[in-house]
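Colleague:
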Amino acid sequence: MGASFSEKLLAALNAFFEGVVRFLPGLLAALLILAIGTVIGWLVKVAVRRTLAVARFDHFCDSSGVSQVLNKADIRATPSSLMGSLFFWLVFASFLMAGLSALEVEVIKRLISEFFLYLPRILAALAILLVGFLLANFVSRAALLASVNANMPSPRLISGVVKFLIAILAFAMALEQLEIAKSIVIAAFIISFGAVMLGLAIAFGLGGRDVAKKVLERQIKDLDQPKERDGFSHI
Amino acid sequence: MDEALLPAPLPERLSEIGPVDILVGIPSFNNARTIGHVVRAIQAGFAKYFPNERTLLLNSDGGSTDDTQEVVRTTTLSDYGTILAAHPVHGVHRIVTPYHGIPGKGSALRTVFAVAKAAGAKACAVVDADLRSITPEWLDLLISPVFRQGFDFVAPLYRRHKYDGTITNSIVYPLTRTLFGKRVRQPIGGDFGFSGRLASHFLEHDVWHSDVARFGIDIWMTSTAITSGYQVCQSFLGAKIHDVKDPGVDLSKMLTQVVSSVFSLMESHEQLWKGVSETQTVPLFGFEHTVGLEAIRVDVGRMVGIFRSGARDLSAIWERILTPETFSLVQNLTGTDDGRFRFPARLWVQVVYDFAAAYHHPTMNRDHLLRSLTPLYLGRTASFVNETADADAGQVEDVIEGLCREYESMKPYLVERWDG
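If you read the protein sequences in the order shown, they are chains A and B.
Just so you know, the working numbering puts 677 at position 124 of the first sequence, and the rest follows in order with no gaps.
Just so you know, the working numbering puts 444 at position 215 of the second sequence, and the rest follows in order with no gaps.
#1: Using 10 angstroms around the beta-carbon of W642 of chain A, count the other beta-carbons present and answer buried if the total reaches 16, otherwise exposed.
#2: CB-CB under 6 Å to A350 of chain B, same chain, minus the five flanking residues each way: which ones, in chain order?
#3: Taking L580 of chain A as the reference, give the member of A:A655, A:C614, A:E659 with the closest Cα.
#4: Kindly give me the distance between the Cβ atoms of T610 of chain B and N702 of chain A, rounded to whole angstroms, as I take these residues to be in contact under 8 Å.
#5: Could you check where the alpha helix (DSSP H) with G652 of chain A kicks off and where it finishes?
#6: Using alpha carbons as the reference points, say which of B:E645, B:G330, B:H266 lies closest to W437 of chain B.
#7: For R600 of chain B, decide whether its Cβ has a neighbour in chain E, counting only Cβ atoms nearer than 8 Å.
#8: With DSSP run on the structure shown, which of helix, strand or coil describes R283 of chain B?
#9: If we ignore side chains and look at the alpha-carbon of each, how far apart do E282 of chain B and R412 of chain B end up?
#10: Any contact between the region 377-384 of chain B and the region 271-290 of chain B? By contact I mean 3 or more CB pairs, one from each, below 8 Å.
#11: Do you know how far the Cα of I665 of chain A is from the Cα of L480 of chain B?
#12: What are the residues in the region 383-400 of chain B lying within 9 Å of chain A by C-beta distance?
#13: For T326 of chain B, which of B:S289, B:P332, B:E616, B:P317 has the nearest alpha-carbon?
#14: For F495 of chain A, go through chain B and note every residue whose CB falls closer than 9 Å to its CB, in chain order.
#15: So the candidates are B:F514, B:S493, B:F421; which of them puts its Cα closest to the Cα of S464 of chain B?
#16: For S786 of chain A, which option in B:D583, B:R571, B:K391 has the closest C-alpha, if you only look at C-alpha atoms?
#17: How many angstroms separate the CA atom of V749 of chain A from the CA atom of L718 of chain A?
#18: Pull out every residue of the region 599-610 of chain A whose Cβ sits closer than 7 Å to any Cβ of chain B, in chain order.
#19: Out of A:S693, A:L728, A:S712, which has the shortest C-alpha to C-alpha gap to A793 of chain A?
#20: Using CA coordinates, which residue listed in B:G539, B:T510, B:D567, B:R262 is at the minimum distance from V559 of chain B?
#21: CA-CA distance, F570 of chain B and S489 of chain B?
#22: Is there at least one Cβ from chain A nearer than 8 Å to M230 of chain B's Cβ?
#23: Output, in chain order, the set of chain A residues within a Cβ distance shorter than 8 Å of S538 of chain B.
#24: From this set, B:T340, B:I535, B:L599, which residue's C-alpha is nearest R549 of chain B's C-alpha?
#25: What residue range is occupied by the uninterrupted alpha helix (DSSP H) comprising G394 of chain B?
#26: Just checking: is the beta-carbon of S786 of chain A within a distance shorter than 8 Å of some beta-carbon in chain B?
#27: Do I400 of chain B and V581 of chain B have their CB atoms nearer than 8 Å?
#28: Pair every Cβ in the region 255-272 of chain B with every Cβ in the region 333-348 of chain B, then say whether three or more of these pairs are closer than 8 Å.
#29: Between which two residues does the alpha helix (DSSP H) containing V644 of chain B stretch?
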């Protein structure tokens, strides 16, 4: 009985130590991969920051309104630093996955392969959000300028509606790309878009009937009269 | 290079005609209604003022879909007696040709320059195809200073209503005068005279795929002539009346095009204009006279309204363009009544210089930047109308001269902002 217990204990310890010995190289390899990933990530970060500095990326972000949004969100880092950090974490995450796969654990391996399959969708969604944000800023500013210069009522409201619609569209497209509740996202987008339009129609038609009348009267008057109201030539 | 600029039948036609002394070009696009009058005036001008010279009339057309080209081919001046002129010795050669390149007046004139070079023309002129007030005398006034006096570039000087040409009066004239040191009153007049050698010089520049080819050719020709050291003068042409412009063309777009042309030239001639410290008058030809100041409709309230809307809704944009001091002074203007509204000349110059600096160091899309100038320009125009309500033409010129002096005295501010 005593021999049997000690044998079993030894066997269990042996199995544990064998497991540790089998696992240890994988763990060391994972740690090494992680260390290499950290160094490469850091190098990529520096390279990205320097390249973006040469390409005047911060200047572009200033002119496109990205910097202003970052400031509003109390993010003090420059856009090129942020991009450098983003690339660092992307490289680091990739090496982390590679390191974890070196551990030869079946569940982790499956999760990693799913992560790498999903990664392009995440990047595509981020790109859609970025382009959508830039487009929303650009078009809403163009709408604001055109409305002011054409002496239209409520230029900021027009600009805000344009920005909101483009942002909603970009957000829905990004979620659709991530395959998150696809049908719900499309339905939500259609409902939101329809609600905005219906809301505007009701607000304009009922709440602002007099304003609507004035605007339409002015538009019709504009059609009857030359656009250049003043009797002189500006140029 | 010039061969490629001349479409297929053109070189042969030029060979048939041989060298010419004088060339007049008419850029056109769908001007059938008015171009006949312009062609007759040019024929009469050739007969009356240059009867012994070999002359060529060139229509550089942008693919008109009306009868513009046919009108140019068939219009003739049969009764020379009415203008007290004899038939020209050599006859008037005429060529109608499409131009190549980006659609725009600049591309049309590039073809005129290429023909002038190929035909060895000594003196040239270009006139708009929509002119209703052109007379044979215009040819004498645009070409004689070049052909007989040795000048290289003749800018037009029109007599206009005191409120006409406000973009020229409040931005283009004072700014180009301050930058380049020559007091050319109508730098974007549209009708010019120039020598054959200046035409060849124009062709040497690589600007024909830029906005110069589309809409900035007038100011580019004037500034290139000045900055390249050619002899520049002006000729008084009298009133300029042209066909009614397309009412759909909006002011903001027009202002953006004109101002971007000037600001682009500031970038390409930076070293030159920074070294100019004083301005000089240029010789003037022609007999000056005044025109009537009939009452015209001016909606000051609407202009001030757009300015106020800009101050309210575009403040976030203006804050990124104007200095804090300029921005604050502009915002302080919004409280005044329409009738007493004033936009001080000094503040206006500060605004223009801030916009020039912002264009040079863009903090946003350049088109947006310049479009945000429209409410400020309308504010300044409303102020000008209020200021000169009872002024005659001479007094209005004094006000414009005062504005030019402000531009000149504040040039160090421009340099500081430009370099900042």
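Just so it is clear, CB atoms sit at the ideal spot from N, CA and C, and this is done for glycine as well.
Small disclaimer: the values here were computed from a predicted structure and weren't measured.
Modeller: Per the coordinate set shown:
#1: Translated into the one-based positions of the first sequence, residue 642 of chain A becomes position 89. The residue is exposed, with fewer than 16 neighbouring Cβ atoms inside 10 Å.
#2: For the purposes of this step, residue 350 of chain B is taken as residue 121 along the second sequence, with counting starting at 1. Scanning its chain for C-beta atoms nearer than 6 Å, with the 5 sequence neighbours on each side dropped, one finds around A350 of chain B the residues V249, L252, G425, in chain order.
#3: In the first sequence, the residue the question calls residue 580 of chain A occupies position 27. Selected option, being the one with the closest Cα: A:A655.
#4: Here residue 610 of chain B corresponds to residue number 381 of the second sequence, with the count starting at 1. Here residue 702 of chain A corresponds to residue number 149 of the first sequence, with the count starting at 1. 13 Å between Cβ atoms; not a contact.
#5: Mapped onto the first sequence, residue 652 of chain A falls at position 99. It spans 632-654 - the alpha helix (DSSP H) in which G652 of chain A sits, taken as one unbroken run.
#6: The residue labelled residue 437 of chain B in the question sits at position 208 within the second sequence. Cα-wise, what sits closest to W437 of chain B is B:G330.
#7: Chain labels in this structure do not include chain E; the protein chains are A and B.
#8: Position 54 of the second sequence holds residue 283 of chain B. The three-state reading of DSSP puts R283 of chain B in coil, since its state is none of H, G, I, E or B.
#9: Here residue 282 of chain B refers to the residue found at position 53 of the second sequence. Here residue 412 of chain B refers to the residue found at position 183 of the second sequence. Approximately 32 Å, taken between the alpha carbons.
#10: The region 377-384 of chain B and the region 271-290 of chain B do not touch, with fewer than 3 CB-CB distances between them shorter than 8 Å.
#11: By one-based count along the second sequence, residue 480 of chain B stands at place 251. By one-based count along the first sequence, residue 665 of chain A stands at place 112. If you take the alpha carbons of L480 of chain B and I665 of chain A, they lie about 59 Å apart.
#12: Flagged, chain order: R389, H390, K391, Y392, D393, G394, T395, I396, T397.
#13: Translated into the one-based positions of the second sequence, residue 326 of chain B becomes position 97. Nearest to T326 of chain B by alpha-carbon distance, out of B:S289, B:P332, B:E616, B:P317, is B:S289.
#14: As shown, chain A starts at 554 and ends at 788. That puts residue 495 of chain A outside it, with no answer to give.
#15: Taking the first residue of the second sequence as 1, we reach residue 464 of chain B at position 235. It is B:F514 whose Cα lies nearest to the Cα of S464 of chain B.
#16: For the purposes of this step, residue 786 of chain A is taken as residue 233 along the first sequence, with counting starting at 1. Taking only the C-alpha atoms, the option nearest S786 of chain A is B:K391.
#17: Here residue 749 of chain A corresponds to residue number 196 of the first sequence, with the count starting at 1. Here residue 718 of chain A corresponds to residue number 165 of the first sequence, with the count starting at 1. C-alpha separation (whole angstroms): 9 Å.
#18: Residues passing the 7 Å Cβ filter: none.
#19: Chain A is shown from 554 up to 788; residue 793 of chain A falls before or after that span and cannot be answered.
#20: The residue given as residue 559 of chain B occupies position 330 in the second sequence. Of the candidates B:G539, B:T510, B:D567, B:R262, the residue whose Cα lies closest to the Cα of V559 of chain B is B:G539.
#21: Your numbering for residue 570 of chain B matches position 341 in the second sequence. Your numbering for residue 489 of chain B matches position 260 in the second sequence. Approximately 28 Å between the Cα atoms of the pair.
#22: Here residue 230 of chain B corresponds to residue number 1 of the second sequence, with the count starting at 1. Only weak support is given to the placement of M230 of chain B: the predicted model assigns it a pLDDT of 44, under 50, and the question is left unresolved by the model.
#23: Within the second sequence, residue 538 of chain B is the residue found at index 309, counting from 1. The answer, in chain order, is V701, N704, P708.
#24: Taking the first residue of the second sequence as position 1, residue 549 of chain B is located at position 320. Nearest option by C-alpha distance: B:L599.
#25: Here residue 394 of chain B refers to the residue found at position 165 of the second sequence. First-last for G394 of chain B: undefined, no H or E at that position.
#26: On the first sequence, position 233 is the one that residue 786 of chain A refers to. With respect to chain B, the C-beta atom of S786 of chain A has a partner C-beta closer than 8 Å.
#27: Against the second sequence, residue 400 of chain B aligns to sequence position 171. Against the second sequence, residue 581 of chain B aligns to sequence position 352. In this structure, V581 of chain B lies closer than 8 Å to I400 of chain B by Cβ.
#28: Yes, the region 255-272 of chain B is in contact with the region 333-348 of chain B.
#29: Within the second sequence, numbered from 1, the residue matching residue 644 of chain B stands at position 415. First-last of the alpha helix (DSSP H) with V644 of chain B: 640-648.
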